[in-house]
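Notes follow the structure.
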Amino acid sequence: MLWVAGLRALARPQLCSCTARPDYYSPEMMGLKTDQEVLGELVRKKVPAVAELIDRHGVMWTLIVSRWFICLFIDILPVETVLRIWDCLFYEGSKIIFRVALALIKQHQAFILEATNLPDICDKFKQITRGTFVTECHSFMQVSVSSLQCRRGKSYETK
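Numbering-wise (this note's numbering), the sequence shown opens with residue 49 and increments by one.
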């Protein structure tokens, strides 16, 4: 938690209170659970092969993406990329978290599909947060922004 608070304060001190997700950090963590289920539905629609793998092995999204959402990608992605994500988060709101998560999954779909069991799936999800795709923050964000682009009238975004 201190990492999140500290980096938020450094990045944009005046925005800390308006971007905090208190329902993520409550004892029930209902906001976190809800957002993970939303990501699961997005993956079912956008990357069905990965969703099928997750379902087949009985993996819960909470097991593989909780840290991404709770820490807002701190200590998961390179700092420059995290700051770029946060720029978008402050400007566009929480939908950017879904875009980033979905971009990571879509970009590494073939790699994830190599997994054959639960520990392997967890390991693949750790590995997709490393490498040149995430270190080149500007191109990463371009892919992330386009990850939820849908046909007209079929958008998953909230305005």
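Where is the CB? At the ideal position from N, CA and C, for every residue including glycine.
How long is the line joining the alpha carbons of residue 92 and residue 98, rounded to whole angstroms? On the sequence shown, position 44 is the one that residue 92 refers to. On the sequence shown, position 50 is the one that residue 98 refers to. About 8 angstroms.
Put residue 77 into one of helix, strand or coil per three-state DSSP. Position 29 of the sequence shown, counted from the first residue, corresponds to residue 77. In this structure, residue 77 counts as coil in the three-state DSSP scheme.
Would the beta-carbon of residue 94 fall within 9 angstroms of that of residue 154? If you number the sequence shown from 1, residue 94 lands on position 46. If you number the sequence shown from 1, residue 154 lands on position 106. Yes, these two residues count as a Cβ contact at 9 angstroms.
Can you list, in chain order, the residues of its chain with a C-beta nearer than 6 angstroms to that of residue 189? Leave out the 5 residues immediately preceding and following it. Looking up residue 189 in the sequence shown gives position 141. Within the same chain, residue 189 has close Cβ partners 132.
Could you check whether the segment 113-131 touches the segment 154-170, counting it as contact only if at least three pairs of C-beta atoms, one from each stretch, sit closer than 8 angstroms? no
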